[in-house]
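One structure is given below, encoded as structure tokens.
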Amino acid sequence: MAIDEKYIALINADLDGDIQPDDKAQLEAFLAESEAGQALQDELRSLCSALDAEGMLDPPRHLRHVVMNSLPEPTAKPQSSPVTESPGFWYSLFAVPALRYTATFAAGVIMAVAIVDSGQVQQRAFNDVTGLVGTMSDAGDIAPVASTIIHKAAVAGTITLRRADPILIIDFDLSTNGPIDIVATYDDKSVWFNGFAQLESTGTSISADGGQIRIQVDGKRRYAVYLHNEGSRKLSINLQFFSNGEPVHQAVLEYEQG
Amino acid sequence: MNEPDDTTLMEQCIKGNQQAFETLLVRYERPVYNAAYRMLHSRDDARDVTQTVFLKVYENRDHYDPKYRFFSWIYRIALNESVDVLKRSSRLEPLDTDTISQTQGPEQQASSEQLSEGVQTALMTIKSDYRSVVVLKHFLGCSYSEISEILEIPEKTVKSRLYTARQLLKEQLDQNGTH
Chain A
31 MAIDEKYIAL INADLDGDIQ PDDKAQLEAF LAESEAGQAL QDELRSLCSA
81 LDAEGMLDPP RHLRHVVMNS LPEPTAKPQS SPVTESPGFW YSLFAVPALR
131 YTATFAAGVI MAVAIVDSGQ VQQRAFNDVT GLVGTMSDAG DIAPVASTII
181 HKAAVAGTIT LRRADPILII DFDLSTNGPI DIVATYDDKS VWFNGFAQLE
231 STGTSISADG GQIRIQVDGK RRYAVYLHNE GSRKLSINLQ FFSNGEPVHQ
281 AVLEYEQG
Chain B
3 MNEPDDTTLM EQCIKGNQQA FETLLVRYER PVYNAAYRML HSRDDARDVT
53 QTVFLKVYEN RDHYDPKYRF FSWIYRIALN ESVDVLKRSS RLEPLDTDTI
103 SQTQGPEQQA SSEQLSEGVQ TALMTIKSDY RSVVVLKHFL GCSYSEISEI
153 LEIPEKTVKS RLYTARQLLK EQLDQNGTH
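So the protein lines, in turn, are chains A and B.
Residues in the first sequence are numbered consecutively from 31, following my numbering.
Residues in the second sequence are numbered consecutively from 3, following my numbering.
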């Protein structure tokens, strides 16, 4: 039997703690007589509990830095003309929908393999890369073993080192204000450059020699560098960032022997 | 020491104090991101919306009216931006559950490990007007009057939408056998 809309509203109001005493008494009298009403109350209570119990996701760690880096200089904004001010470089950059990352595996498959200049790259490297690209867009899929956050005027974002034996993935999620050269070096020469991938963007170039990888990026980029680390050996990766040849940041990613 | 309230921070922000803005960013980054995620079911879109929301807040800080609560303003911007994303991607109308499951990428698959996928999938099947009310009530913990202020609709309409949304969600979950 259909339940009167009035009682459905009272059941909802009761669940939200927003019911007047008279209405509450009326609802209780109705429920005492109606099994359908009791069943509906139970179902809605269960639904509300499930909704209220839902967890909150953590925003990306570098989001805060990217937003702050996107703000125009305080002095550049005349107080009297807030609307006519053109959006700043960062605002324009992040407003472009095309720069969004595509989270699907399909998008990973159509990723651009950037300009690669390396004597170390082997044919199977690309097979490994295409097998891993689906994980690249998702930070939760492969547990990070090390990470660093950058918050500089010229470059901001996160770099995360992930392990998918025997591959180590250096996951760069960066926004730059102009061209930035990144030099990644590591001591263990038996570790070899196993490939490079980026999502929905071009213009990143990379070169690799024994123990050193050079990358040039410009803009908002998400890309991954794959290192083959047979035996999961301990590795220390030094990262240096240059803008117009001047060092702007330095960081180290440590991988402990697994 | 007590943290300054939102209105005080906005007043400082209007004077060009970016540190005050950063405090607001820290305070509201998480709820804004989660509201967008619940509306869009995509972490990438939620991130983009969150960035856009805070940049709009900053760009339009001079237009903030302190007689309204700051969270009302920022949540309204977040929901409007989310709906714009849905419009741009032609996802404004609800999707059926088959379509949703086919379009899930690794990101959604990962999130489903942490959140109840059944609930989120059901949520994506109801219209954005209903979804907004559910997001504000159950995920952001807003009261009827706060939702009314955020969405600029009468409280009576808030209740009506919320009750209908719950009924639709219940039916969807029953249909999927997850409730």
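For each residue, glycine too, the CB sits at the ideal point set by N, CA and C.
All of these numbers come straight from a predicted model, not from anything done at the bench.
Asked	Found
Taking Cβ positions, are L204(A) and V247(A) nearer each other than 8 angstroms?	yes
Check distances from the C-beta atoms of the stretch 38 to 68 of chain A to those of chain B and list, in chain order, the residues that come in under 7 angstroms.	I38, A39, N42 and D48
Return the CA-CA distance between Y39(B) and Q174(B), expressed in angstroms with no decimal places.	20 angstroms
Select from the stretch 76 to 99 of chain A all residues with a C-beta closer than 9 angstroms to any C-beta belonging to chain B, and list them in chain order.	S76, L77, C78, A80, L81, D82, A83, E84, G85, M86, L87, D88, P89, P90, L93, R94, V96, V97 and M98
What does E73(A) reach in chain B if we use C-beta pairs closer than 7 angstroms?	K172
Apart from the five residues just before and just after L88(B), which ones in its own chain have a Cβ nearer than 8 angstroms to its Cβ?	M41, L42, L94 and S130
Taking Cβ positions only, does L101(A) come closer than 8 angstroms to chain B?	yes
Answer yes or no: does any C-beta atom of chain A fall closer than 8 angstroms to that of F72(B)?	no
Assuming contact is defined by CB atoms lying nearer than 8 angstroms, are K264(A) and Q287(A) in contact in what I supplied?	yes
Measuring alpha carbon to alpha carbon, tell me which residue in F271(A), G225(A) and P89(A) is nearest P33(B).	P89(A)
Determine the direct distance from the alpha carbon of I200(A) to that of G261(A), and round the result to whole angstroms.	18 angstroms
Identify the continuous alpha helix (DSSP H) that holds S76(A) and give its terminal residues.	E65 to D82
Identify whether G85(A) lies in helix, strand or coil by the three-state DSSP scheme.	coil
With V182(B) and R163(B) assumed to form a contact (beta carbons below 8 angstroms), what rounded beta-carbon distance in angstroms separates them?	Residue 182(B) is absent from the structure shown; chain B starts at 3 and stops at 181.
Measure how close the beta-carbons of I212(A) and L269(A) come, nearest whole angstrom, since I'm counting them as under 8 angstroms.	6 angstroms
Using the C-alpha atoms, what's the distance from I245(A) back to A209(A)?	What sits at residue 209(A) in the sequence shown is Pro, not Ala. Their Cα atoms are separated by approximately 10 angstroms.
Does the stretch 5 to 19 of chain B come close enough to the stretch 57 to 74 of chain B to have 3 or more Cβ pairs within less than 8 angstroms?	yes
Can you check whether the CB of E284(A) is closer than 8 angstroms to the CB of A176(A)?	yes
I'd like the list of long-range same chain contacts for P318(A), defined as Cβ closer than 8 angstroms, with 5 residues on each side in sequence excluded.	Since the first residue of chain A shown is 31 and the last is 288, residue 318(A) is not available in this structure.
Specify, as a first and last residue, the run of the alpha helix (DSSP H) that E35(A) falls within.	E35 to L45
Excluding sequence positions up to five away, which residues of its chain have a Cβ less than 6 angstroms from the Cβ of L171(B)?	A124
Going by Cα to Cα distance, which pick from V96(A), H95(A) and I38(A) is closest to L74(A)?	I38(A)
Of all the options R193(A), L257(A), R251(A) and L191(A), which has the alpha carbon lying nearest to the alpha carbon of K219(A)?	L257(A)
Compare the beta carbon distance of L93(A) and T52(B) with 8 angstroms and say whether it is the shorter of the two.	yes
Quick check on E286(A): does DSSP put it in helix, strand or coil?	coil
Can you tell which of V28(B), N36(B) and Q20(B) has the C-alpha that lies nearest to the C-alpha of L138(B)?	N36(B)
Count the other C-beta atoms from every protein chain shown that fall within 10 angstroms of the C-beta of V160(B), then say buried if there are 16 or more, exposed otherwise.	buried
Can you tell me which of the three DSSP states G18(B) falls into?	coil
In three-state DSSP terms, what is K250(A)?	strand
Show which residues of chain A have a CB atom less than 7 angstroms away from the CB atom of N36(B).	M86 and L87
Is T178(A) near the ligand NAD, with its Cβ less than 7 angstroms from a heavy atom?	Absent from the structure shown: the ligand NAD. Ligands present: none.
Enumerate, from N- to C-terminal direction, the unbroken alpha helix (DSSP H) stretches of 4 or more residues contained entirely within the stretch 140 to 176 of chain B.	146 to 153
Put I210(A) into one of helix, strand or coil per three-state DSSP.	strand
In this structure, does DSSP put S122(A) in helix, strand or coil?	Low confidence applies to S122(A): its pLDDT is 34, below 50, so where it sits in the model is not reliable enough to give any reading.
Less than 8 angstroms between the CB atoms is what I'm expecting for L61(A) and Q50(A), so what's the real figure, rounded?	Incorrect: roughly 16 angstroms between the Cβ atoms, too far for contact.
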